[in-house]
Amino acid sequence: MRVAPLAMTLLAGMAAAPAASAQLGQGRSFTAAPEPTKVGLGDSVTVRFRLTLNERDLLTDTVPRPVDELAAGIRILSVEKLRRGADRVFTGTAVLAFYRPGKRALPAFGVPWVQVVTGHRGIVSSDAVEVEVASVLPAGNPALRDIREPDLPRSLGPLWVLLGSAAAAALAWLATRRRTRRVIPEPEVTASPLPPPPPADPYTAALARLEEIEARRWAAHGDVARHYEAVADALRDYLETAEGIPARERTTTELLWSLPPRLAEGGMRRRVQEVL
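Numbering (the numbering used here), first residue to last: 38 to 313.
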């Protein structure tokens, strides 16, 4: 298994792709109503969406997504698809949690639409709403030290494609494998020690580590679990060193919802979930 040149070309294109954005026209409305509007620190808030479109508009995606990067102290726990009712009104819900006290603005969610006649496209965004988050400390106690949320990853598209290519190659080899005699690996040749190279940047180090995993051919020798475990560890180590995200402490769902909007479009989030 090796990284194909075509996959590397796709990586560069995805890393440079900007996030598309458009605003509403008349006749469209998208409201978000949080319940409750006053919560304690860390409590969940249910956001109820209500979307009305023009009669000639169609949705190209029914899952509301944040139009901007999430502010510090806000985490998305779940988002449901919008469902159309008999009155042509779409409704749905999302569950969020807030980890900073005070009045906090609800993140704006958006869904893409297209007009059938003109072909015009855009993103309808929800209204700005505030939620009051109460501190859990008793009155008179000193305030807790602020905990800074990790920054969202700048661009993980190249690593997702590389991981997907490695996983697909391993599955294809297992599906077409025939019973043959076991190949005895050649003994490794001990080379003379070389001076240590300068430390590589996290992205280059992650790619080199994936190349090393493929070269070991664990899947070819029947140890598929070890192969996938090493690939997942390489990705999580990259997120910790390059992006400051505690990836080894977060679940797959939390990592998926930490993706910025530009990496959640075009089916990228679904491919990420399949790899992990």
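Where a beta carbon is used, it is the ideal one built from N, C-alpha and C, also for glycine. Please read all numbers here as calculations on a predicted model, not as lab measurements.
If you draw a straight line from the Cα of Asp238 to the Cα of Val153, it is about 47 Å long. Ranked by how close their Cα comes to the Cα of Leu90, the residues Phe135, Asp105, Ile282 and Val148 have Val148 in first place. For Gly156, the secondary structure class from DSSP, reduced to helix, strand or coil, is coil. Take Gly79, set aside five residues on each side of it, and the residues of its chain with a beta-carbon closer than 8 Å to its own are Ala134, Phe135, Tyr136 and Val173, in chain order. Three or more beta-carbon pairs separated by less than 8 Å link the region 84–103 to the region 122–131, which places the two stretches in contact.
Separation of the CB atoms of Pro138 and Val170 is rounded to 5 Å, and the pair is thereby assigned contact status at 8 Å. From the listed residues Ile250, Arg273 and Asp105, the smallest Cα separation to Arg263 is found for Ile250. The DSSP-derived three-state label of Trp255 is coil.
DSSP, reduced to helix, strand and coil, places Leu88 within a strand of the structure shown.
Distance between Lys140 and Glu167, taken at the CA atoms: about 6 Å. Taking the Cα positions, His157 is about 52 Å away from Gly259.
With a beta-carbon spacing of about 5 Å, Val161 and Arg65 fall inside the 8 Å limit used to define contacts. Annotation: the continuous alpha helix (DSSP H) that includes Val268 extends over Val261 to Glu280. For Glu106, the three-state secondary structure derived from DSSP is coil. CA-to-CA, the gap between Glu106 and Thr155 works out to about 31 Å. Cβ-Cβ distances below 6 Å link Thr278 to Pro239 in the same chain, with the five nearest sequence neighbours on each side left out; the list follows chain order. Between the C-alpha atoms of Thr97 and Leu293 there is a straight-line separation of about 21 Å. Taking 8 Å as the cut-off, the Cβ atoms of Asp164 and Ala69 count as close. As computed with DSSP, Val151 is found in a beta bridge with Leu95 and Arg158. Take Thr74, set aside five residues on each side of it, and the residues of its chain with a beta-carbon closer than 7 Å to its own are Val168 and Glu169, in chain order. Going by beta carbons, Val268 and Leu200 fall inside the 8 Å limit.
Residue state for Arg307 is assigned as helix, using DSSP reduced to three classes.
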